[in-house]
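These notes are about the structure you will find just below.
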Amino acid sequence: MKQWLRDHAIGLTLLLVLSLMLMIFCFSAQPAEESDETSGFFVSLILKFLFPDFESLDPDAKAALVQTASFFVRKAAHFTEYTLLGFALMLHAAALREKKGLRFPGTTAFIIGSLYAVSDELHQIFVPGRSGEGKDVLLDSAGVLLGVLLLHLLLHLRKKRRLP
Numbered sequence: 096m097k098q099w100l101r102d103h104a105i106g107l108t109l110l111l112v113l114s115l116m117l118m119i120f121c122f123s124a125q126p127a128e129e130s131d132e133t134s135g136f137f138v139s140l141i142l143k144f145l146f147p148d149f150e151s152l153d154p155d156a157k158a159a160l161v162q163t164a165s166f167f168v169r170k171a172a173h174f175t176e177y178t179l180l181g182f183a184l185m186l187h188a189a190a191l192r193e194k195k196g197l198r199f200p201g202t203t204a205f206i207i208g209s210l211y212a213v214s215d216e217l218h219q220i221f222v223p224g225r226s227g228e229g230k231d232v233l234l235d236s237a238g239v240l241l242g243v244l245l246l247h248l249l250l251h252l253r254k255k256r257r258l259p
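Each residue of the sequence shown is one higher than the one before, counting from 96 in my numbering.
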């Protein structure tokens with residue numbers, strides 16, 4: 096089984112990368128109303144957990160909490176999606192380095208992930224009620240960088256463990 100995974104690492108990691116890109120694309124293709132519903136579900140769960148008396152708050156306080164929590168949930172979702180993408184891209188680049196001699200796998204993974212973040216924000220310009228934000232490109236790219244660095248660290252620790 097291990098050998099089969101090694102033999103098919105490039106294809107499997109590419110499939111993972113493309114699946115994550117498709118997931119991100121689908122989330123970005125949601126019109127604003129649908130996107131608000133998706134994040135609203137998580138916002139209400141978080142607020143009810145953090146503030147057990149949330150339902151008894153006055154409407155202005157509830158609205159302010161919902162608005163603040165929505166902002167953080169959306170940004171955390173962006174960051175998490177792109178962290179996963181950066182991790183997968185680095186995994187794919189590491190497989191390419193091993194099989195095909197790719198130089199600078201971390202840099203390659205970061206650049207591809209960041210370019211995808213740019214294309215994602217451009218895509219959102221054409222979705223009803225959504226907009227493309229330069230700040231989101233920076234946040235998404237930071238997520239990609241974290242994913243790349245996490246896998247780089249894991250690979251380094253794995254390699255170090257194998258050395259005598």
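Note that beta-carbon positions come from the ideal geometry of N, C-alpha and C, so glycine has one too. Since this is a predicted model, take the numbers as computed values, not measurements.
Sequence-distant residues of the same chain with beta carbon closer than 8 Å to R192, five excluded per side: R198 and P200
6 Å CB neighbourhood of P177 in its chain, flanking five on each side removed: Checking the displayed sequence, the identity of residue 177 turns out to be Tyr instead of Pro. Around Y177: D235, G238 and V239.
Which of helix, strand or coil DSSP assigns to R290: Outside the modelled stretch of the chain, which goes from 96 to 259, sits residue 290, for which no answer is possible.
For E228, three-class secondary structure by DSSP: coil
Beta-carbon proximity list for S123, same chain, < 6 Å, skipping 5 on both sides: D215, H218 and Q219
Rounded Cβ spacing between I105 and A190 (contact assumed at less than 8 Å): 5 Å
Residue closest to G229, alpha-carbon to alpha-carbon, out of L180, Y211 and Q125: Y211
Interface flag, D215 vs chain D, CB-CB below 8 Å: This model lacks chain D altogether; it includes just one protein chain.
Local Cβ density within 10 Å of D231, reported as buried at 16 or more and exposed below that: buried
C-beta atoms of A183 and L250 nearer than 8 Å: no
V161 vs S134 beta-carbon contact at 8 Å: no
Rounded distance between the beta-carbons of A127 and G224, thought under 8 Å: 3 Å
Cβ neighbour criterion (16 or more within 10 Å) applied to T108: buried
With 16 other Cβ atoms within 10 Å as the buried cut-off, status of A159: exposed
Rounded distance between the beta-carbons of G242 and G181, thought under 8 Å: 3 Å
For A172 and L142, believed in contact at Cβ under 8 Å, the rounded distance: Actually they are not in contact, since the Cβ atoms of L142 and A172 sit about 16 Å apart, beyond 8 Å.
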